[in-house]
């Protein structure tokens, strides 16, 4: 169940950022330059940074047309708290009239408020491990904690109803959590984990670029560069869905 929650976190990221990139690339063919919609959100060190990197078009819209007109952060403390709650709850309601989305938005408001009240919501404006190949232990732990908090909220986002979400979480944190799980599809799970590790390495290497593979291989010999491109195409061909699979975010 825990692995399933982690897999969904990457599924929704791949789904949404993927079709955003398709839209951006298609628009560029016609001469339109659209802003990117994701900036490596799972490398965020806190929730405030996550929301600067996740679904940038929507979060920017809420900031400009809801948060700032409500007074933004230039009002009294209790009004700032109110504004944060309104923005995140409306963000949840935007996804659908279901309590699961409201709880999802409320959780992110709870995550965000301590940062805002401590004036640490704009602490991380740079790229993690800037000018370094590897993160520090602190940065790694910050990214992991942020990812786990986001994944916890995704359980409510994905659940059919509130009871389903709490039942799912209850099973994860039951005493059986300490047992070695039995994977009927263990080989498939292992392959998926391997693909995610490959995906994360590529994103980490290209995290300072607008898009992960924008600069990877530019300085390589031509034969190596084109081998890299064909490897990516091969991986897509090997693991792509053979039947029509609608984008998750099309329902929104």
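Residue numbers (this note's numbering): 24 to 275. Idealized CB from N, CA, C, for every residue including glycine.
Span separating the alpha-carbon of residue 229 from that of residue 221: Between the alpha carbons of residue 229 and residue 221 lies a distance of about 13 Å.
Under the three-state DSSP convention, the category residue 106 falls into: It is helical.
Rounded to the nearest angstrom, what separates residue 259 and residue 247 at their Cα positions? Straight-line spacing of the CA atoms in residue 259 and residue 247 works out to 19 Å.
Candidates 204, 213 and 108, of which the one nearest residue 125 by Cα: Comparing Cα positions, the closest option is 108.
Measuring alpha carbon to alpha carbon, tell me which of 41, 137, 92 and 68 ends up nearest residue 153. For the residues 41, 137, 92 and 68, the minimum Cα distance to residue 153 belongs to 68.
Count the CB pairs spanning the region 79 to 86 and the region 160 to 168 that are closer than 8 Å, and state whether there are at least three. At 8 Å Cβ cutoff, the stretches do not touch.
Would you kindly report the start and end of the unbroken alpha helix (DSSP H) that includes residue 178? For residue 178, the enclosing alpha helix (DSSP H) begins and ends at 160 to 181.
How many angstroms separate the CA atom of residue 193 from the CA atom of residue 134? Their Cα atoms are separated by approximately 21 Å.
May I ask you to report which of helix, strand or coil DSSP gives residue 194? The three-state secondary structure of residue 194, taken from DSSP, is helix.
Could you say if the region 41 to 53 and the region 195 to 204 meet the contact criterion of at least three C-beta pairs nearer than 8 Å? At 8 Å Cβ cutoff, the stretches do not touch.
Can you tell me which of 76, 72 and 112 puts its alpha carbon nearest to the alpha carbon of residue 60? For residue 60, the nearest C-alpha among the options comes from 76.
Residues of its chain near residue 131, where Cβ-Cβ distance is below 7 Å and the 5 sequence neighbours each way are ignored: Beyond the five residues adjoining it in sequence on each side, residue 131 comes within less than 7 Å, by CB distance, of 70, 111 and 176 in the same chain, given in chain order.
How about residue 32 and residue 174: are their beta carbons less than 7 Å apart? Cβ atoms of residue 32 and residue 174: closer than 7 Å.
Do residue 28 and residue 178 have their C-beta atoms within less than 7 Å of each other? A Cβ-Cβ contact shorter than 7 Å links residue 28 with residue 178.
In terms of alpha-carbon separation, which member of 58, 180 and 138 lies closest to residue 274? For residue 274, the nearest C-alpha among the options comes from 180.
If distances are taken between C-alpha atoms only, which option among 195, 196 and 254 comes closest to residue 218? When only C-alpha atoms are compared, the closest one is 254.
Close beta carbons around residue 165, own chain, < 7 Å, minus the five adjacent residues each side: Counting only Cβ-Cβ distances below 7 Å, and skipping sequence neighbours, we find 68 and 69.
May I ask which residues mark the beginning and end of the alpha helix (DSSP H) holding residue 123? Annotation: the continuous alpha helix (DSSP H) that includes residue 123 extends over 122 to 140.
Can you tell me where the alpha helix (DSSP H) holding residue 242 begins and where it ends? Where residue 242 is concerned, there is no enclosing alpha helix (DSSP H), given that its DSSP letter is neither H nor E.
Tell me the rounded alpha-carbon separation between residue 185 and residue 54. So the alpha carbons of these two residues sit roughly 45 Å apart.
Could you give the DSSP three-state label for residue 147: helix, strand or coil? Looking at residue 147 - three-state DSSP - the assignment turns out to be coil, as it is neither helix nor strand.
CA-to-CA distance, residue 136 to residue 95, given in whole angstroms: Taking the straight line from one Cα to the other gives about 13 Å.
Whose C-alpha, out of 119, 90, 118 and 113, is nearest the C-alpha of residue 106? Looking at the Cα atoms, 90 is the closest of the given residues.
Buried or exposed by the 16-neighbour rule on C-beta atoms within 10 Å, applied to residue 64: By the 10 Å Cβ count, residue 64 comes out buried.
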